[in-house]
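Take the position in the sequence shown, starting the count at 1, then add 29; the result is the number in the numbering used here. The structure appears right after this line, and notes come after that.
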Amino acid sequence: MQPFNQTPPTLGNQFDDDRVLRSYLRRVLPPEVLAEIERPLRDMGRLAGGELYQMQLADRLNDPVLTQWDPWGNRIDQIEVSPLWQKAEKLAAEHGVVAAAYEGKYGRFDRIYQFALVYLFHPSTDVYTCPLAMTDGATRTLLTSGNQELIDRAVPHLTSRDPAQFWTSGQWMTESTGGSDVGLSETVARLNEQEEWLLYGRKWFTSAATSQMTLTLARPEGNPPGGKGLALFYLETHEEDGSLQNIEVLRLKDKLGTRKVPTAELMLTGTTAMPVMGLNNGVRNIVPMLHLTRTWNSISASSFMRRGMALARSYAQRRVAFGAPLAEKPLHIDTLGWMQAETEAAFHLTFFLVELIGKSEAEVISEEEEHLLRLLTSLAKLTTGKQAVVVASEVLEAFGGAGYVEDTGLPVLLRDSQVLPIWEGTTNVLSLDALRALGKSGEPLLALSNEIDRCLETVIDGRLQTAGSVAQTAVAAAVNWLQSNLADRHALEAGARRFALTLGRSLALAKLIEQAQWSLDVEQDAHPRAAACRFAQTAVNQIQAIDPADVALLAEGF
Numbered sequence: 030m031q032p033f034n035q036t037p038p039t040l041g042n043q044f045d046d047d048r049v050l051r052s053y054l055r056r057v058l059p060p061e062v063l064a065e066i067e068r069p070l071r072d073m074g075r076l077a078g079g080e081l082y083q084m085q086l087a088d089r090l091n092d093p094v095l096t097q098w099d100p101w102g103n104r105i106d107q108i109e110v111s112p113l114w115q116k117a118e119k120l121a122a123e124h125g126v127v128a129a130a131y132e133g134k135y136g137r138f139d140r141i142y143q144f145a146l147v148y149l150f151h152p153s154t155d156v157y158t159c160p161l162a163m164t165d166g167a168t169r170t171l172l173t174s175g176n177q178e179l180i181d182r183a184v185p186h187l188t189s190r191d192p193a194q195f196w197t198s199g200q201w202m203t204e205s206t207g208g209s210d211v212g213l214s215e216t217v218a219r220l221n222e223q224e225e226w227l228l229y230g231r232k233w234f235t236s237a238a239t240s241q242m243t244l245t246l247a248r249p250e251g252n253p254p255g256g257k258g259l260a261l262f263y264l265e266t267h268e269e270d271g272s273l274q275n276i277e278v279l280r281l282k283d284k285l286g287t288r289k290v291p292t293a294e295l296m297l298t299g300t301t302a303m304p305v306m307g308l309n310n311g312v313r314n315i316v317p318m319l320h321l322t323r324t325w326n327s328i329s330a331s332s333f334m335r336r337g338m339a340l341a342r343s344y345a346q347r348r349v350a351f352g353a354p355l356a357e358k359p360l361h362i363d364t365l366g367w368m369q370a371e372t373e374a375a376f377h378l379t380f381f382l383v384e385l386i387g388k389s390e391a392e393v394i395s396e397e398e399e400h401l402l403r404l405l406t407s408l409a410k411l412t413t414g415k416q417a418v419v420v421a422s423e424v425l426e427a428f429g430g431a432g433y434v435e436d437t438g439l440p441v442l443l444r445d446s447q448v449l450p451i452w453e454g455t456t457n458v459l460s461l462d463a464l465r466a467l468g469k470s471g472e473p474l475l476a477l478s479n480e481i482d483r484c485l486e487t488v489i490d491g492r493l494q495t496a497g498s499v500a501q502t503a504v505a506a507a508v509n510w511l512q513s514n515l516a517d518r519h520a521l522e523a524g525a526r527r528f529a530l531t532l533g534r535s536l537a538l539a540k541l542i543e544q545a546q547w548s549l550d551v552e553q554d555a556h557p558r559a560a561a562c563r564f565a566q567t568a569v570n571q572i573q574a575i576d577p578a579d580v581a582l583l584a585e586g587f
């Protein structure tokens, strides 16, 4: 008798198999634009579900390797990345995963096309999207700076489709003094006799340390402490002979996840750099980069959730337990249904942010849209980051013991998802940032409330109307909470996370309902309605009265 071996899950073309993505694109894109981009998206979907996915499974044990010394005692600090990363770099350039946003072919829809590529590309490339995100952010920052010398020097490389010419960028901000509190940075910039700026200091956490250039923060000698005294600098990491440009790689970080990303601790020992936008206000000047990298974070979260769901559904159809496939077990179906609702909500929240970015770069947007864009960058990132971790954990559980075994390729989904609530601002940091984005006028909050109302104003399906009332009630509760605590800064800060998640999940629900009504009307498809109604039954409204005395006691320990 042959022993039983479980059939593993499989993936098909990740574009053709993605109902949510294809339906969304049909709704928001002009038919002529959709007709042009469907083929490259289908090509990327084929790679993501086929060659790249199989290579990812085979490449599982190949982490980056740092060689600090050559056989003759010379310090070389060479980092070798995994074979999949080498392949991903070439494909990213050829498929225009960054370039598509800057070629101007589709105007305000360039960003939707680009991020659809990212969404398909991300989960099969071991987070090669990390350097791509910083490359996109650096490109936008340089273009915004007006520094023509640096624009001419770097942007053609950053947006090239030629792998031989393509550059990626780093983003070197984090030092041992703090991650989010970058005003404590200790890196110093000094002028030499040739009027060149040289940087000295230790960068504690530099992701994608193999990039050809980076944007970084340093304090010009004599500048005051704090964020305003920092300047934003551009530097190229290598000399013409390929050696590092007065940079020492102290070590590669041993991380829980994103292990394929060569995250390094670096020492700058007189590295030549150029100011990007003056000699102060560096934190403010790097904001365009942060807005884009946070958006890539949100896309990555949605993409990981989608990948996990694709694998879990495939497995549910193949795994027989207690006499029937898991796909026929009511409790398993109920669990998958909730996970799918979270996934679709995250998708629509994130791609609405992408729509706003695309419009802001190609057209003049309204003041209300500007307020919404500023607020949503933080809300989408913090909301989807938390969703991704929860869904990834449930995906592993849906496989039982196989989900805990490394060579199935499943545990990496959870490990890599865990970076998403941390990288580019933790949930707490971004919750406070969302509070700051509201300003004294409250206009950004009004803009969000108006957008939710706009999404719901044409909804005629009764079940969707009921779901819509959940979003409106939650936002109303958030507004009331904010107004009642304006005079109590301690209470505002303590409740910032619950407030921000309520706003993010409310808007996600409204965007999901908007898609659902369209799908009913145009496609006669009830799937999005099912997702909206299920998502409306989750904890959308997280505004709660928490006794601060209880919190203080619990925080003291035992």
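Think of the CB as a built atom: it goes at the ideal place given N, C-alpha and C, for glycine as much as any other residue. All figures in this text were calculated on a predicted structure; none of them were measured in a lab.
When rounded, the separation of the alpha-carbon atoms in Glu224 and Ala302 is 11 Å. Residue environment for Ile105: exposed (fewer than 16 other C-beta atoms within 10 angstroms of its C-beta).
Annotation: the continuous alpha helix (DSSP H) that includes Val504 extends over 491–513.
Secondary-structure assignment with DSSP links Pro354 through a beta bridge to Val349. By the C-beta density criterion, Asn314 is buried, having at least 16 other C-beta atoms within 10 angstroms. Annotated as distal: Gly307 and Pro254, with beta-carbon spacing of 9 Å or more. Residue environment analysis places Lys469 among the exposed positions, since fewer than 16 neighbouring C-beta atoms fall within 10 angstroms of its C-beta.
Taking a 10 Å sphere around the C-beta of Trp98, we find fewer than 16 other C-beta atoms and assign the residue as exposed.
Under the three-state reduction of DSSP output, His151 falls in the helix class. Under the three-state reduction of DSSP, Phe144 is assigned to helix. With a threshold of 16 other beta carbon atoms within 10 Å, Pro577 falls short and is exposed. Between Arg527 and Gln571, the C-beta spacing is below 9 Å. For Gln416, the number of other beta carbons within 10 angstroms of its own is at least 16, and it is reported as buried. In this structure, Arg444 sits away from Asp47, with a CB-CB distance that is not shorter than 9 Å. For Asp106, the enclosing beta strand (DSSP E) has its first and last residue at 104–109. Counting along the chain, the unbroken alpha helix (DSSP H) around Ala375 starts and ends at 359–391.
Taken through DSSP and simplified to helix, strand or coil, Tyr263 comes out as strand. Ranked by how close their Cα comes to the Cα of Met368, the residues Glu426, Ile141, Arg169 have Glu426 in first place. A residue is called buried once 16 or more other Cβ atoms fall within 10 Å of its Cβ, and Gln573, having fewer, is exposed. The DSSP-derived three-state label of Pro60 is helix.
Here DSSP, grouped into helix, strand and coil, assigns Arg89 to coil. The DSSP-derived three-state label of Leu404 is helix. Excluding sequence positions up to five before and after Thr502, its CB lies within less than 8 Å of the CB of Asn570, all in the same chain and listed in chain order. Scanning its chain for C-beta atoms nearer than 7 Å, with the 5 sequence neighbours on each side dropped, one finds around Lys257 the residues Asn309, Asn310, in chain order. Contact between the segment 86–97 and the segment 106–126 is present, with at least three C-beta pairs closer than 8 Å. The C-alpha of Ala237 is placed about 36 Å away from the C-alpha of Ala345. Secondary structure remark: continuous beta strand (DSSP E) runs of at least 3 residues inside the segment 224–289, in chain order: 226–235, 242–249, 260–265, 276–281. Pairing Gly230 with Thr216, the inter-Cα distance amounts to about 4 Å. Under DSSP, the beta-bridge partners assigned to Leu295 are Lys232, Val278. Residue pairing by DSSP places Ala218 opposite Leu228, Pro249 in a beta bridge. A direct Cα-Cα distance of roughly 29 Å separates Tyr263 from Tyr148. The same chain holds no residue with a CB closer than 6 Å to that of Ala523 once the five nearest residues on each side in sequence are set aside. For Glu265, the closest of Gly251, Thr243, Asn326 by C-alpha to C-alpha distance is Thr243. For the pair of segments examined, the segment 348–357 was found not to touch the segment 372–383: the number of CB pairs separated by less than 8 Å stays below three.
Lys540 is classed as buried because its beta carbon has at least 16 other beta carbons within 10 Å across all chains shown. Exclusion of the five residues before and after Gly166 leaves Met318, Leu321, Thr322 as the residues of its chain whose Cβ lies within less than 6 Å of its Cβ.
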